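A.B. asks: So that we are looking at the same thing, I have put the structure below in structure tokens.
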Amino acid sequence: MTPDSPSRGGAPKKDSIFASILPAPAPAPAPAPVPVPEITALKQKIDALEGNILAQLEKKLGAQLKPAAAQPAPLAAHSLPSATQSLPAAAPGPANSDALCRKIEDLERRLADFGLAASLSASQLKNIEESKISARREIEDLLKAVREQQKYSEMDRQMHDQLEKSWARAAELEKKLMEFYSSVLAMEAKRRDESSARSEKSAAAIEDLAERLGGLEDKLSALAARQPDAGDVKRAREEFLARAAADGRAAAAAQEAAASGFLASLKQNEQAFKEVFGDCVREQMELLHGRVAAESEAVRREMTAALEETSRLMSGQAALAAQKAEEFEKLAQAGLLRAQAAGAALEADARLRAQELETAARLRERELEASARALEAGLKDKSAGDAAAAQEISSREFLAAMREQAESFKEFFGGCVRGELELLRGKVSAETEALRREAAAAAEETRKAMLAQAELAAQKAEEFEKLAQAGLLKAQAAGAALEADARRRAQELEQTALALENGLKAGSGELFAAAKKDSEERFDRFGAKYADALLSAGVMDGFRSDLDSVLERLAFTEAQMSGLLKDVQPEKLDRLIGVSGMLVRKKFEALAAALETLKAESKRLGELKRGVEERFKDIFGNRV
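With my numbering applied, the sequence shown corresponds to residues 27 to 650, in that order.
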């Protein structure tokens with residue numbers, strides 16, 4: 027607002043036209059102006075409105091005070107502004123005062139509303155600017171995150187490819203394990219077929235024995251039909267009872283030996299199965315550990331090679347920058363030397379030309395002096411009277427003019443030479459200074475480029491180190507996952523093997539119990555029906571031959587197991603570590619214990635055979 031406009035509190039200024047209408051209240055503190063273009067425009071409008079109001083009031087007052095010009099009434103307390111000092115003051119009517127007050131209040135209210143709207147607009151603009159700044163920051167953060175994501179996407183893709191390859195290897199390993207399961211099941215089916223074949227052979231042998239006993243019964247019936255004497259019958263009966271008892275004991279021993287052999291074969295098959303299964307699991311675990319170690323070592327070698335390549339590139343860049351700086355420094359020094367040499371050559375040439383010009387000037391001066399002296403001598407010889415004096419005067423004036431021309435020529439030539447020398451010195455110094463500035467600028471640019479390359483190389487090395495650490499962590503996680511998967515599959519294999527072993531034991535136990543029960547029943551039936559046939563020497567010979575074959579088989583099995591344990595040294599077993607090594611050691615310990623049991627059984631059967639031979643030696647003589 028201008029000084030002539032009313033304030034926001036409604037009080038007119040001291041020099042305003044409103045001072046003549048309203049009393050001046052206590053001045054209120056003026057609010058701080060708001061530097062807004064709209065407020066400035068509003069102030070201008072209010073000033074224009076105030077000027078119009080003042081002009082209208084002056085016109086009305088002038089029209090009202092024209093009739094009363096003869097009777098002026100002095101004002102005691104108020105005065106008009108300087109623009110209306112010549113007019114007498116008169117109080118306006120109450121209607122005009124009220125209208126003017128209302129207009130002033132309306133203007134003040136509008137001004138207050140406009141100031142409030144301006145402050146609100148300013149706060150809204152400030153909020154909008156802050157929102158723009160925050161949005162710009164968020165966009166910058168988002169762009170930075172996108173750049174980092176693009177930067178690490180390539181490494182993530184490579185690690186994803188490696189993980190897919192690892193899963194493919196794991197699938198191949200699972201396929202191989204399933205093939206191993208199939209081979210184990212095939213071996214078990216083959217073993218069951220062989221067991222059933224042996225059972226069928228045993229049943230066929232028992233039937234053959236029954237047929238032989240039937241033939242023996244026929245022979246005994248024919249012998250009984252001959253009616254031997256009572257002594258022979260009694261003696262034969264006693265022999266029959268004794269031989270029947272011995273044959274029963276021998277049959278029981280044979281059944282026990284057969285059962286022991288069957289159990290030994292089952293144990294042998296079980297040990298073979300465990301050994302094969304343990305070897306396969308150990309080989310698979312060793313293969314898996316080897317692959318994981320090889321992959322980790324390959325990743326470590328690649329990262330080491332990349333770091334070495336980065337350091338080598340950094341060293342090469344630093345060496346190249348140093349070499350370029352040295353070459354540029356040499357070129358700058360050579361340029362300075364060339365500039366100095368050119369300046370020296372130009373200065374020498376200028377001096378030489380100056381000397382030549384000075385020599386020529388001296389020669390010209392000497393020639394002029396010689397000609398002047400010759401002319402003076404000729405004039406002295408020829409002159410006479412006034413003519414001689416006039417000629418002498420003219421010759422002297424000519425000599426003086428010649429001397430002045432020579433002096434002016436010397437001064438002019440010296441100035442030209444000095445100007446040329448100064449110009450050459452300025453050019454040489456300017457070229458030298460330009461070369462020096464170019465060399466300094468190039469050196470500064472080279473230094474900045476080297477610093478930028480060093481910072482970029484350090485940043486790349488740091489990023490590559492982070493990527494390498496992330497790759498190592500991912501490789502370790504993948505190796506741990508593969509190892510855990512392998513352990514889980516090994517546990518599943520072990521559980522499957524235990525289930526198969528338990529099934530084999532249960533099936534073999536049931537089969538052995540059924541075979542033993544069947545053999546006992548058949549032996550009881552045969553003993554009840556063909557008691558006399560059991561006393562025959564043929565049966566004893568067959569039993570002895572069966573016992574010999576059993577002993578031979580036990581000896582062969584014992585030799586094979588001893589050779590196997592001899593080939594596997596304890597030092598080699600101690601090198602095996604982990605769960606698989608402990609299982610292998612336990613298996614070989616169980617194999618050694620089974621060998622000791624087999625030796626004890628072989629010894630017991632040998633003692634049984636010797637006891638049978640000693641017992642029946644007196645009855646059968648040399649046949650036993």
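We treat Cβ as the ideally placed atom computed from N, Cα and C, and that holds for glycine. Quick caveat, the model's predicted, so the values are computed rather than measured.
1. Would Leu634 pass as a contact of Met587 if the rule is Cβ separation under 8 Å?
2. Would you tell me roughly how many angstroms separate the C-alpha atoms of Glu131 and Phe140, rounded to the nearest one?
3. Which residues in the same chain as Ala74 place their Cβ atom closer than 6 Å to its Cβ, once the five residues preceding and following it in sequence are excluded?
4. Thinking C-alpha only, which one of Asp574, Ala478, Lys500, Lys543 is nearest Gln184?
5. Taking all protein chains shown into account, decide if Val576 is buried (16 or more other Cβ within 10 angstroms of its Cβ) or exposed.
6. Going along the chain, which residues of its own chain have a beta-carbon closer than 8 Å to the beta-carbon of Ala103, five neighbours each way excluded?
7. Just to confirm, are Glu640 and Leu580 a CB contact at a threshold of 8 Å?
8. Within its chain, find whatever has a CB closer than 7 Å to the CB of Glu578; leave out the 5 residues flanking it on each side and keep chain order.
9. How long is the line joining the alpha carbons of Ile159 and Lys152, rounded to whole angstroms?
10. Could you check the C-alpha separation between Lys227 and Lys191 for me, to the nearest Å?
11. Rounded to the nearest angstrom, how far is the Cβ of Thr583 from that of Leu617, given a contact under 8 Å?
12. Quick one, are the C-beta atoms of Ile79 and Leu133 less than 8 Å apart?
13. Rounded to whole angstroms, what is the Cα-Cα separation between Tyr178 and Ala503?
14. Do you know how far the Cα of Gln70 is from the Cα of Thr28?
15. Rounded to a whole number of angstroms, what is the C-alpha to C-alpha distance between Arg163 and Cys127?
16. Quick one: measure Cβ to Cβ for Leu631 and Leu591, integer angstroms, because I've assumed they're closer than 8 Å.
17. Using 8 Å as the threshold, is the C-beta distance between Leu493 and Met204 below it?
18. Using the three-state DSSP reduction, which class does Glu640 fall into: helix, strand or coil?
19. By Cβ distance, which residues of its chain are closer than 6 Å to Leu137, with the 5 residues on each side in sequence left out?
20. On the criterion of 16 or more Cβ atoms from any shown chain inside 10 Å, does Glu471 qualify as buried, or is it exposed?
21. Taking just the CA atoms, how far does Lys543 sit from Arg224?
22. Do you know offhand how far Glu488's Cα is from Ala331's?
23. With H, G and I counted as helix, E and B as strand and the rest as coil, what does DSSP make of Leu634?
24. Might you give, ordered along the chain, the residues of its own chain that have their beta carbon closer than 7 Å to the beta carbon of Ser31, omitting 5 neighbours on each side?
25. Excluding the 5 residues flanking Ala95 on each side, which residues of the same chain have their C-beta closer than 6 Å to its C-beta?
26. Nearest by alpha-carbon distance to Phe614: which of Arg636, Gly589, Gly637, Lys629 is it?
27. Could you tell me the alpha carbon to alpha carbon distance between Leu363 and Arg462, rounded to whole angstroms?
C.D. replies: Answer, in terms of the structure:
1. no
2. 14 Å
3. none
4. Lys500
5. buried
6. With a pLDDT of 37 at Ala103, under the threshold of 50, the modelled position of that residue is not reliable, and no figure is offered here.
7. no
8. Counting only residues of its own chain and dropping the five nearest sequence neighbours on each side, Glu578 has no CB closer than 7 Å to any other CB.
9. Counting only the Cα atoms, Lys152 lies some 11 Å from Ile159.
10. 53 Å
11. Between Leu617 and Thr583 the Cβ distance is about 12 Å, and since that is not below 8 Å, they are no contact.
12. No, the Cβ-Cβ distance between Ile79 and Leu133 is not below 8 Å.
13. 18 Å
14. Its pLDDT being 42, under 50, Thr28 is placed unreliably by the model, and the measurement read from it follows with that caveat. Between Thr28 and Gln70, the C-alpha separation is close to 8 Å.
15. Taking the CA atoms as reference points, Arg163 sits about 53 Å from Cys127.
16. Taking 8 Å as the upper bound for CB-CB distance, Leu631 and Leu591 are not in contact here, some 22 Å apart.
17. no
18. helix
19. none
20. Classification of Glu471: exposed, given that the 10 Å Cβ count is below 16.
21. C-alpha separation (whole angstroms): 17 Å.
22. 15 Å
23. The answer is helix: DSSP assigns Leu634 an H, G or I state.
24. Note that Ser31 has pLDDT 42, beneath the 50 cutoff, so the model's placement of it is unreliable and no number is given.
25. Note that Ala95 scores a pLDDT of 49, beneath 50, so its modelled location is shaky; the value from the coordinates is reported in the next line. The answer is none, since no qualifying residue turns up.
26. Gly589
27. 11 Å
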